[in-house]
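These protein sequence lines map, in sequence, to chains A and B. According to the working numbering, the first sequence is numbered sequentially starting from -2. According to the working numbering, the second sequence is numbered sequentially starting from 170. We put the beta carbon where it would ideally sit given N, CA and C, even for glycine. These numbers come from a predicted model, not from an experiment.
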Amino acid sequence: MAVDMAMPILVVDDYKTMIRIIRNLLKQLGFDNVDEAADGEEAYQKMQSGAGFGLVISDWNMEPMTGYELLKQVRGDEKLKGTPFIMITAESKTENVIAAKRAGVNNYIVKPFNAATLKMKIASVIGDF
Amino acid sequence: MPATDVAAKIRGALDDIKAADLDDPRLMEVLSLAENLVDSMKLFFGSLDNSIHSEFLHIGQYIARTRDEIAALRPNDIRESRLPTAGAELEAVVNDTETATETIMTLAEDIMALTPDNLENYKAQVDAKMMGMIEACSFQDITGQRVSKVVSTLTHIEERVARFSSVMGVLDAEEEVSDEKEQWRQDNLLNGPQIDGPATGQNAIDALFDGDISDEQLGQDAIDNMFD
């Protein structure tokens, strides 16, 4: 099935500059419909509001709710559990990667990253575009 | 009642009895025995007082020395001046890097939005914006200096604490999770960025998600990948 390039994507990070970077990269890849949240709590509220996000790209280290807590909450939510979820984070220890995988993350990108890696990981999760 | 007062009372009683001029020899023997008892108790209590005095003197000297060592730490200077300054410097680093990043990204976005209808004009605009990016990169000089100041503060504290610990012979107590926030950080595996770059490379992570290895294997394969 062809990827819907107009699908809403949610980017979650407590650093505005990182959100701006990811927005720019997504725009270069052809994704213009991008919303943002500054932490897991705000992100979950937006997801619950029925926005129908086709992909969540989230940082890990945020307060009051981390990306890890957001992931577990999403996977535990009957309506949202199937949402593709990519973690982009500076948390690079194996315990983090394993914990995220066990919690149901679809893919994991360590910072710093480049546009090619982001494209590859998004394609692996939602399909080639 | 102090020991000296007890001895004085007993001696007083004995003197009263002696002065009564009693002839009974058994009574005199008892009085003599009592006198010897009082003398030996005086010796005993005297030595006890000396021993206790010596202990308290030693404790007093230790407390005085501890107070001098704590004063040498200059804890008030650290708490009221050095640490707040270090905190402010780090906050300034975050602000400086954010400002520089925003500037550079804006310039990059402007360049991407340019339409190269006139080559000379286009080049002039690109050059101007590139120069703006180069100028924005000067943040590294300022932030480098700020971070150096913070490192200097931390080194100062480290040296003071190390000296205190060494002089006082302090051993570490069991580490405790100090509060709810710290427990939350541990539960959420908040390790933060590593000093020499990511602890697990993207290739190792990809191998895990591609199913080439199980999560139990990730540790060793991540290491192996570094040597491939």
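Check the Cβ-Cβ distances between glycine 361 of chain B and every residue of chain A, and say whether any is below 8 Å.
Here residue 361 of chain B corresponds to residue number 192 of the second sequence, with the count starting at 1. Chain A contact via Cβ: present.
Under 8 Å between the Cβ atoms of asparagine 93 of chain A and serine 121 of chain A?
Start at 1 with the first residue of the first sequence, and residue 93 of chain A comes out as number 96. Start at 1 with the first residue of the first sequence, and residue 121 of chain A comes out as number 124. Going by C-beta atoms, asparagine 93 of chain A is not nearer than 8 Å to serine 121 of chain A.
Leaving out five residues before and five after aspartate 16 of chain A in sequence, what residues of the same chain have Cβ atoms less than 6 Å from its Cβ?
Taking the first residue of the first sequence as position 1, residue 16 of chain A is located at position 19. It is worth fixing the name first, because residue 16 of chain A is isoleucine in this sequence and not aspartate. Once the five neighbours on either side are set aside, the close Cβ partners of isoleucine 16 of chain A are Val8, Asp10 and Glu33.
Kindly say whether tyrosine 105 of chain A, judged by its beta-carbon, lies nearer than 8 Å to any beta-carbon of chain B.
As a working note, residue 105 of chain A is residue 108 in the first sequence. Yes - at least one Cβ of chain B is within 8 Å of the one on tyrosine 105 of chain A.
Could you tell me if threonine 235 of chain B is buried or exposed, where buried requires 16 or more neighbouring beta carbons within 10 angstroms of its beta carbon?
Position 66 of the second sequence, counting from 1, holds the residue named residue 235 of chain B. Result: exposed.
Just checking: is the beta-carbon of serine 89 of chain A within a distance shorter than 8 Å of some beta-carbon in chain B?
Working through the first sequence from its first residue, we reach residue 89 of chain A at position 92. It does; some Cβ of chain B falls within 8 Å.
Can you say whether proline 285 of chain B is buried or exposed, counting buried as having 16 or more other CB atoms within 10 angstroms of its CB?
Residue numbering aside, residue 285 of chain B sits at position 116 when the second sequence is read from its first letter. The residue in question, proline 285 of chain B, is exposed, as its Cβ has fewer than 16 Cβ neighbours within 10 Å.
Distance, alanine 203 of chain B Cα to glutamine 230 of chain B Cα
Indexing the second sequence from 1 puts residue 230 of chain B at position 61. Indexing the second sequence from 1 puts residue 203 of chain B at position 34. Distance between the alpha carbons of glutamine 230 of chain B and alanine 203 of chain B is about 40 Å.
Taking leucine 358 of chain B as part of the alpha helix (DSSP H), name the residues at either end of that continuous run.
Start at 1 with the first residue of the second sequence, and residue 358 of chain B comes out as number 189. Premise fails: leucine 358 of chain B is in no alpha helix (DSSP H) and is neither H nor E.
My assumption, with CB atoms under 8 Å, is that valine 102 of chain A sits in contact with methionine 84 of chain A. Please give the rounded CB distance.
Taking the first sequence and counting its residues from 1, the one referred to as residue 102 of chain A is at position 105. Taking the first sequence and counting its residues from 1, the one referred to as residue 84 of chain A is at position 87. At roughly 5 Å, the Cβ-Cβ gap stays under 8 Å, so valine 102 of chain A and methionine 84 of chain A are in contact.
Rounded to whole angstroms, what's the CA-CA distance from methionine 300 of chain B to isoleucine 19 of chain A? Just pull it up for me.
Locating residue 300 of chain B in the second sequence gives position 131, counting from the first residue. Locating residue 19 of chain A in the first sequence gives position 22, counting from the first residue. Approximately 24 Å between the Cα atoms of the pair.
Three-state secondary structure assigned by DSSP to serine 55 of chain A:
Looking up residue 55 of chain A in the first sequence gives position 58. DSSP places serine 55 of chain A in strand when its eight states are reduced to three.
Does the Cβ of methionine 44 of chain A have 16 or more other Cβ atoms within 10 Å, making it buried, or fewer, making it exposed?
In the first sequence, the residue the question calls residue 44 of chain A occupies position 47. The residue is buried, with at least 16 neighbouring Cβ atoms inside 10 Å.
Thinking C-beta only, is valine 199 of chain B closer than 8 Å to arginine 180 of chain B?
For the purposes of this step, residue 180 of chain B is taken as residue 11 along the second sequence, with counting starting at 1. For the purposes of this step, residue 199 of chain B is taken as residue 30 along the second sequence, with counting starting at 1. No.
For alanine 241 of chain B, which residues of its own chain have a beta-carbon under 8 Å away from its beta-carbon, when the five flanking residues on both sides are left out?
Translated into positions along the second sequence, residue 241 of chain B becomes position 72. So the list reads Arg329, Arg332 and Phe333, once near-sequence residues are dropped.
If we ignore side chains and look at the alpha-carbon of each, how far apart do glutamine 363 of chain B and lysine 90 of chain A end up?
Along the second sequence, read from residue 1 onward, the residue named residue 363 of chain B stands at position 194. Along the first sequence, read from residue 1 onward, the residue named residue 90 of chain A stands at position 93. So the alpha carbons of these two residues sit roughly 8 Å apart.
Would you verify that the beta carbon of lysine 98 of chain A is, or is not, closer than 8 Å to some beta carbon of chain B?
Numbered from its first residue, the first sequence carries residue 98 of chain A at position 101. Taking Cβ atoms only, chain B reaches closer than 8 Å to lysine 98 of chain A, which makes this a yes.
Taking C-beta to C-beta, are alanine 96 of chain A and leucine 358 of chain B nearer than 8 Å?
One-based indexing of the first sequence puts residue 96 of chain A at position 99. One-based indexing of the second sequence puts residue 358 of chain B at position 189. A contact, by the Cβ cut-off of 8 Å.
8 Å Cβ cutoff, phenylalanine 126 of chain A in contact with chain B
One-based indexing of the first sequence puts residue 126 of chain A at position 129. Chain B, which has no Cβ nearer than 8 Å to the Cβ of phenylalanine 126 of chain A, makes this no.
Let's see if you can read the secondary structure: which residues bound the alpha helix (DSSP H) around isoleucine 280 of chain B?
Position 111 of the second sequence holds residue 280 of chain B. Start and end: 252 to 282.
Assuming tyrosine 105 of chain A is part of the beta strand (DSSP E), what are its boundary residues?
Here residue 105 of chain A corresponds to residue number 108 of the first sequence, with the count starting at 1. Segment 104 to 107, the beta strand (DSSP E) holding tyrosine 105 of chain A.
Any beta-carbon of chain A closer than 8 Å to the one on asparagine 357 of chain B?
One-based indexing of the second sequence puts residue 357 of chain B at position 188. Interface residue, yes.
For asparagine 219 of chain B and lysine 187 of chain B, the rounded distance between their alpha carbons
If you number the second sequence from 1, residue 187 of chain B lands on position 18. If you number the second sequence from 1, residue 219 of chain B lands on position 50. If I take the Cα positions, the gap works out to 32 Å.
Relative to chain A, which residues along the segment 325 to 339 of chain B have a C-beta separation below 7 Å, given in chain order?
none
Starting from the C-beta of alanine 182 of chain B, find all residues in its chain whose C-beta is less than 7 Å away, skip the five residues before and the five after it, and write them out in chain order.
Walking along the second sequence from the start, residue 182 of chain B turns up at place 13. None.
Look up aspartate 375 of chain B in the DSSP assignment and say whether it is helix, strand or coil.
Translated into the one-based positions of the second sequence, residue 375 of chain B becomes position 206. Correct three-state label for aspartate 375 of chain B: helix.
Could you confirm whether any beta carbon from chain A is found closer than 8 Å to the beta carbon of methionine 274 of chain B?
Taking the second sequence and counting its residues from 1, one reaches residue 274 of chain B at position 105. Closer than 8 Å to some Cβ of chain A, the Cβ of methionine 274 of chain B qualifies, so yes.
Against chain B: residues of the segment 50 to 82 of chain A by CB proximity under 7 Å:
Asn58, Thr63, Tyr65 and Glu66
Any beta-carbon of chain A closer than 8 Å to the one on phenylalanine 396 of chain B?
Stepping through the second sequence from its first residue, residue 396 of chain B is reached at position 227. For phenylalanine 396 of chain B, the predicted model reports a pLDDT of 40, less than 50, meaning its position is unreliable and no value from the coordinates is stated.
Expressed to the nearest angstrom, what Euclidean distance is found between the alpha-carbon atoms of glutamate 249 of chain B and threonine 322 of chain B?
As a working mapping, residue 249 of chain B is identified with position 80 in the second sequence. As a working mapping, residue 322 of chain B is identified with position 153 in the second sequence. Rounded to the nearest angstrom, the two C-alpha atoms are 13 Å apart.
Nearest candidate by alpha-carbon position, reference phenylalanine 82 of chain A, set A:Asn21, A:Met62, A:Ala112 and A:Ile119:
Numbered from 1 along the first sequence, position 85 holds the residue referred to as residue 82 of chain A. Taking only the C-alpha atoms, the option nearest phenylalanine 82 of chain A is A:Ile119.
Applying a beta-carbon distance threshold of less than 9 Å, which residues of chain B neighbour asparagine 21 of chain A?
In the first sequence, the residue the question calls residue 21 of chain A occupies position 24. Chain B residues near asparagine 21 of chain A: Met274, Ala277, Glu278 and Met281.
Straight-line gap, arginine 251 of chain B to isoleucine 311 of chain B (C-alpha atoms, nearest Å)
Locating residue 251 of chain B in the second sequence gives position 82, counting from the first residue. Locating residue 311 of chain B in the second sequence gives position 142, counting from the first residue. Taking the straight line joining both Cα atoms gives about 19 Å.
On the DSSP bridge list, what partners appear for isoleucine 123 of chain A?
For the purposes of this step, residue 123 of chain A is taken as residue 126 along the first sequence, with counting starting at 1. DSSP output for isoleucine 123 of chain A lists no bridge partner at all.
Chain B contact residues for asparagine 93 of chain A, given Cβ-Cβ distances below 7 Å
Here residue 93 of chain A refers to the residue found at position 96 when the first sequence is read from its first residue. The contacting residues are Leu358 and Asn360.
Would you mind giving the Cβ-Cβ distance between alanine 305 of chain B and threonine 272 of chain B, rounded to the nearest angstrom? I have them listed as a contact below 8 Å.
Residue 305 of chain B sits at position 136 when you count from the first residue of the second sequence. Residue 272 of chain B sits at position 103 when you count from the first residue of the second sequence. The Cβ separation is near 4 Å, so the contact holds.
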